[in-house]
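Below is one structure; the comments refer to it alone.
Numbering (our numbering), first residue to last: 3 to 600.
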């Protein structure tokens, strides 16, 4: 059998040859304006219907909306990839700014359409949804109609969109430039290296504590030196968002993220309530790990530290084969899909300079492909990240038979698919471990994710909700931002944390994402929600793949409460649902402590 070498650098030229200098990319972006003009003309002519005869006209508008959205998404996805793979690509950043302006021009057109939907009387609207042309769009049309009732006037919403190009969106883009510009010098294995933020973060799993601490200290130092830049960016991004909320009469800062994630406040409260009630188990794990490492308490830079000498690295090729093997045990379609992603260059994994930190998956809707970004350095954590992002891509793949307007799923269910894929790999790896030391290392990798979702993400949620409340009263100082971050970390880790990471608010891009506010709790939701799905998958075996894909296809056309009831028969507004998933994670902790206490 030939040993396939999977490419570690993605193929973007298949979309637009030549990167940010591509004439085809520029032409694609320029073609968006006439498409918007066609849509605007249709919406302007559209009058509030008095009966169901308008179904064909609405269907035509929806097709134009689909056309615009697919083309904007394709260009946006490619530009995100270009700026992530090379933070010095100034041309890509300029094109991103141009695209933001065009996308902003689409907002008032869509708002006008939504406002007209909102003015249709209930009986007529119901009759329209029962027509053959519009029946499949019932959920999104209802969602748009309801949203319009909470919006400002068309003129005001258009002004917000226009100002957002050089205000709101630009603060997010500025953050990407600031973080991409950072380099730190760290001594690794006797050699001094100049590293990007992403490369320095990868050293958090280095076996040598002095290397981990050196990387952490170097990052804290540079963030301290530049904290005013990051504080100004975060304050003004939040200020813009809050000004819009105030104008709309929204008092709660979580109203928009909950609306975007199609979930109730009772659901998020039940989730965090269940987690908080069981944190002692995970604080106990943190203390146990500190004892194993010979420290009094676990410091921030020790979270990912290996506790065994057998924590081997895994080449990118071996990591890919590892994922394919375990995906194959879940279902043939998932394995076949992932193989295509590896073989056809869908993944940017190379460890090199000038890459943005972190990882993401983005869809190329016109091409029905995805692209995955990460920096792979060989740790089991990297393998998990790779499986995680492939889970996102598989979600997009599962939705291909669905109309594009019914594919726009929220972030919390997006994180469900990704963490489900991650779990398949992690769980199977623990079960197949050939030595006790290997089992300990793999088991701990699973527990580290539980700690991240139950504690690190909770700290982000606590920090962000409190920061926004303080920001309502005025600019929040860098000193106060550091205090809020440390307080949130100490509380969220339930006494299990030693040295904190006060500048985490500056280092984590999620606080600066303008497309989706409060991009924190969706991770924890997805993790625990996917545990329930995974339990069903284990119970039913390979035959579950078809049911799983059916669930994924429903993620964009119902609330998460409805999704859970339909596919799992569970009420997720109650803590009992979440406690079941947490109990599975507690078993991992008990097994880990037993194995490492011998």
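Think of the CB as a built atom: it goes at the ideal place given N, C-alpha and C, for glycine as much as any other residue.
In the three-state DSSP reduction, residue 135 falls in the coil class, being neither helix nor strand. Comparing alpha carbon positions, the residue from 110, 368 and 364 closest to residue 17 is 368. Here the region 409-419 makes no contact with the region 465-477; the two share fewer than three CB pairs at distances below 8 Å. Residue environment: residue 342 is assigned as exposed (fewer than 16 neighbouring CB atoms within 10 Å of its CB, all protein chains considered). Residue 387 counts as buried, since no fewer than 16 other beta carbons sit within 10 angstroms of its beta carbon.
Burial state of residue 240 is buried, judged by a 10 Å Cβ sphere holding 16 or more other Cβ atoms. Setting aside the 5 residues that flank it on each side, residue 46 is surrounded in the same chain by 114, each with a C-beta closer than 8 Å to its C-beta; the list follows chain order.
Scanning 403, 551 and 101 for the CA closest to the CA of residue 76 turns up 101. Taking C-beta atoms as the reference points, residue 218 and residue 303 count as a pair closer than 9 Å. Of 7, 364, 483 and 250, the smallest CA-CA separation from residue 234 is found for 483. Within the model, the alpha-carbon separation for residue 318 versus residue 600 is close to 33 Å. Taken through DSSP and simplified to helix, strand or coil, residue 186 comes out as strand. About 7 Å separates the beta carbon of residue 373 from that of residue 79, a gap short enough to meet the 8 Å contact definition. Distance from the Cα of residue 516 is smallest, within the candidate group 11, 422 and 178, for 178. Residue 201 is classed as buried because its beta carbon has at least 16 other beta carbons within 10 Å across all chains shown. Inter-residue distance for residue 83 and residue 347 is about 13 Å (C-alpha atoms, whole angstroms). For residue 438, the number of other beta carbons within 10 angstroms of its own is below 16, and it is reported as exposed. With a cut-off of 8 Å on Cβ pairs, the region 564-576 is not in contact with the region 422-436, counting fewer than three such pairs. Of the candidates 557, 488 and 572, 488 places its Cα closest to the Cα of residue 507.
In this structure residue 198 is in contact with residue 355, their Cβ atoms being roughly 6 Å apart against a cut-off of 8 Å.
Straight-line measurement puts the Cα of residue 330 at about 11 Å from the Cα of residue 430.
The count of Cβ pairs closer than 8 Å, one atom from the region 280-292 and one from the region 495-502, reaches three, so the stretches are in contact. Distance from the CA atom of residue 524 to the CA atom of residue 396, rounded to whole angstroms, is 18 Å. When the Cα atoms are used, residue 12 and residue 375 turn out to be separated by approximately 8 Å. With a minimum length of 3 residues, the unbroken runs of beta strand (DSSP E) contained wholly in the region 341-410 fall at 362-366 and 371-375. Segment contact: the region 119-127 against the region 44-60, three or more CB-CB distances shorter than 8 Å; contact assigned.
In the three-state scheme derived from DSSP, where H, G and I count as helix and E and B as strand, residue 196 is classed as strand.
Nearest Cα to residue 192 within the set 216, 229 and 207: 216. Comparing alpha-carbon positions, the option among 220, 63 and 210 lying closest to residue 306 turns out to be 210.
Residue 333 and residue 556 have their C-alpha atoms some 19 Å from each other. Contact between the region 580-590 and the region 533-541 is present: three or more C-beta pairs spanning the two stretches fall below 8 Å. If you draw a straight line from the Cα of residue 538 to the Cα of residue 409, it comes to about 24 Å.
Secondary structure of residue 499 (DSSP, three-state): strand.
Going by DSSP, residue 289 is part of the alpha helix (DSSP H) stretching over 281-295.
Distance between residue 459 and residue 420, taken at the CA atoms: about 16 Å.
When the beta-carbon positions are compared, residue 452 and residue 309 stay at least 9 Å from each other.
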